[in-house]
Amino acid sequence: MSDWIYGFFMAWGTFLAIPCPKKIWRESARRKMVACLPLVGLIAGLVWAGCVWLSAFLPLRLTRVFAVVLPLGALLCAAAPWLVTGFLHLDGFMDVCDAVLSRRDLETRQQILKDSHCGAFAVICLVLLFLCQWAVFLSAGAIP
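Going by my numbering, the sequence shown opens with residue 15, and the numbers climb by one from there.
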């Protein structure tokens, strides 16, 4: 039973930016850590759902037809998964955007993937990703 507890807190500390209440590591619990990843995803999803719920209490601008959520609520909902996970996977997303959109040969693209610098394509794609997420949440609040 203790390996499951160790595994859960190991997964929490590895994949969430929420402070882990018990920072522990035990090699024997590594397999249990992998099995606890869905629970960690559930915690991240619950925090995200909580942000969506909280955004409903933000001030609304009323029109004649329906209520429109202010951009602040959409911003909170779009940024929540990134903040909860500590921007996990965004570095890889940006590297792939730089490599794929560079239109170079395979060897050069592989070098771009290994490079720690951020290129123009990475920044553009990251901004577009965030704007798309923001627009989805903004338009979701506009549905009557």
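Note that the Cβ used here is the ideal one computed from N, Cα and C, for glycine as well. Nothing here was measured: the structure is a model prediction, and the numbers come from that model.
(message) Once the 5 residues before and after Cys50 are set aside, which same chain residues still bring their CB inside 6 Å of it?
(response) Cβ neighbours of Cys50 beyond the five flanking positions: Gly21, Phe22 and Ala25.
(message) In this structure, how does DSSP classify Met47 when only helix, strand and coil are distinguished?
(response) helix
(request) Determine contact between the region 93-102 and the region 124-131, defined as no fewer than three beta-carbon pairs at a distance below 8 Å. (result) no
(request) Give a yes or no on whether the minimum CB-CB distance between Met15 and chain C is below 8 Å. (result) No chain C is part of this structure, which consists of one protein chain only.
(message) Can you tell me whether Val141 is buried or exposed? The criterion is at least 16 other CB atoms within 10 Å of its CB, across all chains shown.
(response) exposed
(request) Check whether the Cβ atoms of Lys36 and Asp17 sit closer than 8 Å, and answer yes or no. (result) Using a Cβ distance threshold of 8 Å, Lys36 and Asp17 do not count as a contacting pair.
(request) Figure out for me which residue from Val54, Met15 and Cys146 has the closest Cα to the Cα of Pro85. (result) Cys146
(request) Identify, in the order they occur along the chain, each residue of the same chain with its Cβ nearer than 6 Å to the Cβ of Ala149, setting aside the five sequence neighbours on each side. (result) none
(request) Compare the C-alpha of Phe135 against each of Ile19, Leu115 and Ala88 and name the closest. (result) Leu115
(message) Taking the straight line between their C-alpha atoms, what separation do you get for Phe80 and Asp109?
(response) Summary for Phe80: the model assigns pLDDT 48, below 50, so the residue's position carries little reliability; its value from the coordinates is reported in the next sentence. Near 41 Å, if we compare the C-alpha coordinates of Asp109 and Phe80.
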